[in-house]
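> Please read through the structure below; I'll follow up with questions.
Protein chains in written order, with full-length UniProt numbering: chain A, 1 to 300; chain B, 1 to 361.
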């Protein structure tokens, strides 16, 4: 049968092209354009080639130093919150009831922090942690701890991390819970009959079945924490000093604070590239998990 | 290895206060002897899986007791019961190899390594799994996975009993036969008590030396395949076992005679006077009724169709409104509409309210 050729179909896709071009391609290309130039305001631009990119990767320059320092802080932050949220989420999911009305209650309570907008989360913790009027800050100080997230780097980090854990552990827990729910009862019964201990059940049944959702959880949490902006910005403003200035905060400072459009454009392109690479790695790992390579010696 | 006694065992999923008629398992008292091969046979929802889960401890009974070798284990957890169970669908520990899967029940109980190894080898050998021992279990076919589940059930030599909950559901018919005969051979080899739940009579009759038939939460008969065939204790056993099932026809019975439609059929035994008000029926297997050319001394029936099963032909006929099946003797050319029925009196049983009535010789 001949294929029906109908060029009119292009008209149906055209609006999508237009929207994507307007919202994504044009801005992206503008950024690429900026990243090669320097400006001193007045809409005057000067060609700079790959100069900004060279500076970015060179820690001895101001731009490179700031970028690499914030990148380091950002990776450390992501590592810490993953190390806390993933095990904690698993523990929460494991201790949730499997059936009955309490399931609904638990799910609603878990979902609550996820529904709160980022800047509200930031504001809540900013006030909660204040030593003068905040419940947390006041209590800690009256218990004898010298807690002040505005002046102490460690306190600032602790506050931002606890805030993120509070905000996002639910997501990991909900994903794990979904994974756990998909395990048929027969597995638990068989494990009972096989005399498996609680730990053996976790290792042999629950963890393998949670594998996939855990990968998704790690990916989501990594991406989110790598792009974090609003909450630390509202709570600490990136301080004290630069101690909680993450890449996105640095980027906004350069772009909107100093109006260094060229530097900011170069930085955001590199930032974008890192995120793309991480996504690709995760995607590859995820699609390959479970598809075990064929056995080496003699197939069936 | 143990004798298992059930004493007044009953279970309701909605609690002990539920109406007795709604119990998933109505009170049952019976003994499973050590080393027996039992089949628990009945239609879906008759309570056979409930009974199995009670024995293994997955479900705690509402009433009654379970004894292993005389020791009450009713409230003991599954882990402490020393029992093995194989489920309807394969349960595989994904991260382990086939060998580790088989060793799992032994490892958990702290069996010495050398002993584990030897036992795993033996079981893998019996189930033809030796080749796969070092492979990951996830990538195998459903058949192989179920074999691993079976293997995990059989690997412990000291279990009180191995329970099978319709274990061959996911297996191809071809392989079903092989696995079933394998199980039978394993039973002889390993000297384990096995209880096999199924709704398939062929499976039950070929596997077991004692078949326990359940119906509506009750054990209606337990006996050898021959006993179930020759002398069903309940009309349900009669038509559930056998293909086609037993003919059950309302009749009036007194002394040595049963009366159907005014026609008299001679009986082998004397039934005297049966309880008044009971529903009286006679039951006879199609194998023991031949059709013949209509004659004055014979019960007359209308032919509906002939089923040719290859090894035998059965005529589906009607006596009045009642459906009836009877054997067509080899070489007999079946008339078009009416035939006579020739009964073998030794195999005609009498049932009052669905239960077998023993006559006096």
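For glycine and all other residues, C-beta sits at the position ideal for the given N, C-alpha and C. These numbers come from a predicted model, not from an experiment.
1) Using beta-carbon positions only, say whether residue 137(B) and residue 92(B) come within less than 7 Å of one another.
2) Are there 16 or more other CB atoms within 10 angstroms of the CB of residue 259(B), so buried, or fewer, so exposed?
3) Could you name the residues of the same chain whose beta carbon sits closer than 8 Å to that of residue 99(B), not counting the 5 residues immediately before and after it, in chain order?
4) If we count the other Cβ atoms within 10 Å of its Cβ and call it buried at 16 or more, is residue 279(A) buried or exposed?
5) Go ahead and pull the three-state DSSP assignment for residue 34(A).
6) Might you give, ordered along the chain, the residues of its own chain that have their beta carbon closer than 7 Å to the beta carbon of residue 57(A), omitting 5 neighbours on each side?
7) Assuming residue 197(B) and residue 52(B) make a contact with CB atoms under 8 Å, what is their CB distance in whole Å?
8) With a Cβ-Cβ cutoff of 7 Å, do residue 121(A) and residue 167(A) count as a contact?
9) On a CA-only basis, which of 179(B), 168(B), 40(B) and 161(B) is nearest residue 190(B)? Give me that one, please.
10) In angstroms with no decimal places, state the Cα-to-Cα distance between residue 220(A) and residue 106(A).
11) Give me the Cβ distance between residue 274(B) and residue 253(B), rounded to the nearest whole Å; I'm assuming they're in contact under 8 Å.
12) So within the segment 243-276 of chain A, which uninterrupted alpha helix (DSSP H) runs reach at least 4 residues, ignoring any that extend past its ends?
13) State yes or no: is the beta carbon of residue 90(A) nearer than 7 Å to at least one beta carbon in chain B?
14) Might you give, ordered along the chain, the residues of its own chain that have their beta carbon closer than 6 Å to the beta carbon of residue 277(B), omitting 5 neighbours on each side?
15) Under three-state DSSP, which class holds residue 251(B)?
16) I'd like to confirm the pairing. Which residues does DSSP put opposite residue 308(B) in its beta bridges?
17) Would you list the one or two residues that DSSP bridges to residue 234(B)?
18) Helix or strand or just coil, what does DSSP make of residue 59(B)?
19) What does residue 195(A) reach in chain B if we use C-beta pairs closer than 8 Å?
20) Answer yes or no: does any C-beta atom of chain A fall closer than 7 Å to that of residue 85(B)?
21) Distance cutoff 7 Å, beta carbons only. Does residue 189(A) sit that close to anything in chain B?
22) Would you mind telling me which residues of chain B sit closer than 8 Å to residue 7(A), beta carbon to beta carbon, in chain order?
23) Where does residue 188(B) sit, in a helix, a strand or coil, going by DSSP?
24) Run through the DSSP bridge pairs and tell me what residue 71(B) is partnered with.
25) Check whether chain A comes within 7 Å of residue 328(B), counting only Cβ atoms and requiring the distance to be less than that.
26) For chain A, is any of its Cβ atoms less than 7 Å away from the one on residue 306(B)?
27) What does residue 200(A) reach in chain B if we use C-beta pairs closer than 7 Å?
28) Going straight from the alpha carbon of residue 213(B) to that of residue 286(A), what length do you get?
29) Check the C-beta distance from residue 349(B) over to residue 356(B) and give it rounded, since I have them as a contact under 8 Å.
30) With residue 149(B) and residue 90(B) assumed to form a contact (beta carbons below 8 Å), what rounded beta-carbon distance in angstroms separates them?
31) Take every Cβ of the segment 61-71 of chain B, pair it with every Cβ of the segment 3-11 of chain B, and state whether three or more of those distances are shorter than 8 Å.
32) Just checking: is the beta-carbon of residue 178(A) within a distance shorter than 7 Å of some beta-carbon in chain B?
33) Which residues in the same chain as residue 341(B) place their Cβ atom closer than 7 Å to its Cβ, once the five residues preceding and following it in sequence are excluded?
34) List in chain order: all unbroken alpha helix (DSSP H) runs of 4+ residues lying wholly within the segment 119-201 of chain A.
35) Determine whether the Cβ of residue 93(B) lies closer than 7 Å to any Cβ atom of chain A.
36) By alpha-carbon positions, which one of 360(B), 293(B) and 338(B) ends up nearest to residue 332(B)?
A quick look at the data gives this:
1) yes
2) exposed
3) 120, 124, 133 and 134
4) exposed
5) helix
6) 64
7) 5 Å
8) yes
9) 161(B)
10) 22 Å
11) 6 Å
12) 247-252
13) no
14) none
15) coil
16) 313(B)
17) 355(B)
18) coil
19) 79, 105, 108 and 109
20) yes
21) yes
22) The premise fails here: residue 7(A) is roughly 48 Å from chain B at the closest Cβ pair, so nothing lies under 8 Å.
23) helix
24) 68(B)
25) no
26) no
27) 108
28) 50 Å
29) 6 Å
30) 5 Å
31) yes
32) no
33) 289, 291, 298, 299, 301 and 326
34) 135-142, 153-181, 185-193 and 198-201
35) yes
36) 293(B)
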